[in-house]
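Quick look at the structure:
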């Protein structure tokens with residue numbers, strides 16, 4: 004009957020299981036129980052280390068570039084500025100091409116006006132109405148040179164080119180906002 008009461012050690016399988024761990028309910032001999040406690044002590048040291056690291060991070064003030072979310076915003080800003088610069092360069096190139104084309108057309112129209120003015124002067128064949136018409140044509144060409152009427156720059160208000168980002172606040176069950184401040188429901192725990 005003495006053998007029926009002997010409990011086997013969970014770790015070494017000896018029939019000397021004299022202690023039960025209340026945490027894992029393992030039946031252990033004295034030597035394995037002491038080893039088990041040493042393992043628990045090592046795990047406890049890991050918990051204390053993780054605790055201290057987290058405490059240090061919580062006590063360190065946030066810097067402008069230290070958090071990954073702040074880095075994400077900086078990356079979005081850089082990408083957006085790059086896209087704006089690319090689009091501005093493309094628009095600038097397009098405008099220069101259109102200005103050159105417009106100028107060529109204006110030069111052609113100017114030559115026609117110039118020929119009429121020279122012919123009128125050479126033939127001494129002009130009246131007040133001709134002078135007014137030529138002056139109006141020259142003013143129109145000048146205005147077209149300064150502010151072309153055949154193209155313009157416009158902003159697309161319907162679909163923004165740059166994607167807007169925003170910060171979204173997710174409220175967790177353990178946290179409540181009261182008077183604009185966070186209140187966490189901790190049960191008397193110290194860090």
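Numbering (this note's numbering), first residue to last: 4 to 194. Built from N, CA and C at the ideal position, the CB exists for glycine as well. As the structure is a prediction and not an experimental result, all values here were calculated from the model.
Distance, Cα to Cα, residue i vs residue j?
i           : j           : result
residue 192 : residue 34  : Its pLDDT being 36, under 50, residue 192 is placed unreliably in this model, and the value from its coordinates should be taken loosely. When rounded, the distance between both Cα atoms is 35 Å.
residue 27  : residue 57  : 27 Å
residue 2   : residue 69  : With the chain represented from 4 up to 194, any question about residue 2 goes unanswered, as that position is not in the structure.
residue 60  : residue 54  : 10 Å
residue 95  : residue 87  : 12 Å
residue 42  : residue 25  : 15 Å
residue 116 : residue 158 : 36 Å
residue 114 : residue 90  : 36 Å
residue 120 : residue 108 : 18 Å
Quick one: what's got a C-beta closer than 6 Å to residue i's C-beta in the same chain, skipping five residues either side?
i           : result
residue 17  : 32
residue 30  : 10, 13, 20, 23
residue 64  : none
residue 151 : 105
In this structure, does DSSP put residue i in helix, strand or coil?
i           : result
residue 63  : coil
residue 23  : strand
residue 72  : helix
residue 30  : strand
residue 156 : coil
Closer than 9 Å, CB to CB, is residue i near chain C or not?
i           : result
residue 156 : Of the chains in the structure shown, none is chain C; there is only one protein chain.
Check for me: the alpha helix (DSSP H) holding residue i runs from which residue to which?
i           : result
residue 130 : Looking at the DSSP string, residue 130 is not in any alpha helix (DSSP H), and its letter there is neither H nor E.
Exposed or buried, which one is residue i when buried takes at least 16 other CB atoms within 10 Å?
i          : result
residue 36 : buried
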